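In this text, residue positions in the sequence shown follow the numbering used here: the first is 8, and each later residue adds one.
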Amino acid sequence: MSSALGAVSRASLAEVKERLEALVPSADLAVLGGELFGVLNLIDREHGLRRALADPARAGDAKAALIEGLLDGKVSPAAVALVADVVRLRWSRPSELADAVETLAVTAEAARAEADGRIDDLEDELFRFSRVVEGEPELRSALTDPALPADRKQGLLEALLAGKATPSTLRLVTEVVLRPRGRSLESGLAEYGRVVTQRRQRLVALVRSAVDLTEAQRTRLAAVLAAAYGHEVHLNIELDPTVVGGLSIQLGDEVIDGTIAGRLDDVRRRLAS
8 MSSALGAVSR ASLAEVKERL EALVPSADLA VLGGELFGVL NLIDREHGLR
58 RALADPARAG DAKAALIEGL LDGKVSPAAV ALVADVVRLR WSRPSELADA
108 VETLAVTAEA ARAEADGRID DLEDELFRFS RVVEGEPELR SALTDPALPA
158 DRKQGLLEAL LAGKATPSTL RLVTEVVLRP RGRSLESGLA EYGRVVTQRR
208 QRLVALVRSA VDLTEAQRTR LAAVLAAAYG HEVHLNIELD PTVVGGLSIQ
258 LGDEVIDGTI AGRLDDVRRR LAS
């Protein structure tokens with residue numbers, strides 16, 4: 008997953024994750040993660056397809072058209088758009104493309120839990136399940152036994168977690184158990200937990216501006232805010248023609264108003280007092 012990606016590929020992944028954030032308000036988060044995991048399974052299973060989608064000699068739009076043709080009508084438009092964005096970018100190896108789709112799938116589940124107000128529960132449940140597995144050798148043996156059919160493993164997980172954990176926990180644990188992708192059960196749970204933790208620890212800033220910010224301006228602003236608050240800061244940009252100049256930034260209950268209109272209001276308040 009992302010921890011194994013090179014610098015260029017991490018930049019590509021960050022770009023696609025920004026696209027995911029833009030889609031979150033309109034996407035059906037109850038299904039998006041599952042759809043992305045389904046695409047991941049397709050890419051992992053079809054080696055020729057994975058090589059074609061990651062081929063650096065092939066035009067990005069041509070690769071996007073290929074995956075759009077395969078997925079159209081089978082998954083949501085949001086899932087199609089995200090995967091098309093992934094294959095348009097350059098990846099060092101075909102496996103990194105698949106890793107990027109997996110990271111997006113986990114991130115989509117974290118966004119789902121966040122929207123439900125249960126992202127803390129998701130993080131805690133993944134951690135506690137990993138500890139249960141470590142302390143119950145028979146359970147671990149059953150979940151990792153290649154001879155045990157997938158439906159039996161899924162039934163066991165549903166008996167353990169359904170109704171007792173968040174839906175996102177059940178989905179993420181099920182993916183790690185049924186499709187480990189060369190990892191141990193413990194390392195798979197730990198990797199998914201890191202993605203969830205990164206999202207939980209970030210801050211979201213609502214930035215109001217009369218004009219859209221360039222990518223360089225967004226990067227600089229996010230870096231300044233991250234340094235000031237000690238956490239990664241995700242920017243939600245809202246174009247507002249009433250902002251005469253500068254920026255208005257809101258993080259939780261705190262508002263940093265650097266707009267001309269804000270400064271004029273402050274002057275008026277001072278004159279009236």
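Even for Gly, the Cβ is constructed at its ideal location relative to N, Cα and C.
Keep in mind the model is a prediction, meaning the values are calculated, not measured.
- Two segments are said to touch when three or more pairs of C-beta atoms, one from each, lie closer than 8 Å; by this definition the stretch 146-162 does not touch the stretch 74-85.
- For Asp68, the enclosing alpha helix (DSSP H) has its first and last residue at Gly67 to Leu78.
- The DSSP assignment places 157-168, 174-185 and 192-208 as complete runs of the alpha helix (DSSP H) inside the stretch 157-227, in order along the chain (cut-off: 4 residues).
- Only residues of its own chain outside the window of five on either side were considered, and among them Glu132 have a CB closer than 6 Å to the CB of Ala172, listed in chain order.
- The beta carbons of Gly195 and Glu116 sit about 14 Å from each other, so the pair does not count as a contact at 8 Å.
- Looking at the DSSP output, Asp264 sits in a beta bridge with Ser255.
- Beyond the five residues adjoining it in sequence on each side, Tyr236 comes within less than 8 Å, by CB distance, of Leu210 and Leu258 in the same chain, given in chain order.
- Excluding residues up to 5 positions away in sequence, Val31 and Leu36 lie with their Cβ nearer than 8 Å to the Cβ of Ala122 in the same chain.
- Inclusion of Ile50 and Leu43 in the CB contact set at 8 Å is not warranted, their separation being larger than that value.
- Residues Ala117, Leu129 and Glu130 of the same chain have their beta carbon placed closer than 6 Å to that of Val203, with the five preceding and five following residues left out of the count.
- For Val140, the enclosing alpha helix (DSSP H) starts and ends at Ile126 to Gly142.
- DSSP places His241 in the uninterrupted beta strand (DSSP E) bounded by Val240 to Leu246.
- In the structure shown, Val93 adopts helical secondary structure according to DSSP, grouped into three states.
- Buried is the label assigned to Ser19, since at least 16 other Cβ atoms lie within 10 Å of its Cβ.
- Around the beta carbon of Pro174, 16 or more other beta carbons lie within 10 angstroms, which makes this residue buried.
- Cβ contact annotation for Ala120 (same chain, cutoff 6 Å, sequence separation greater than five): Ile126, Leu129, Thr173 and Ser175, in chain order.
- Non-local beta-carbon contacts of Ala88 in its own chain, meaning distances under 8 Å to residues more than five positions away in sequence, involve Arg26 and Leu30 in chain order.
- Of all alpha-carbon atoms in Ser102, Ser33, Glu22 and Phe136, the one lying nearest the alpha-carbon of Ala59 is that of Ser102.
- Non-local beta-carbon contacts of Val108 in its own chain, meaning distances under 8 Å to residues more than five positions away in sequence, involve Leu43, Val46, Leu47, Ile50, Val90 and Val93 in chain order.
- Collapsing the DSSP output to three states places Val82 in a strand.
- Relative to the Cα of Ser148, the nearest Cα in the group Leu163, Ala21 and Arg178 belongs to Leu163.
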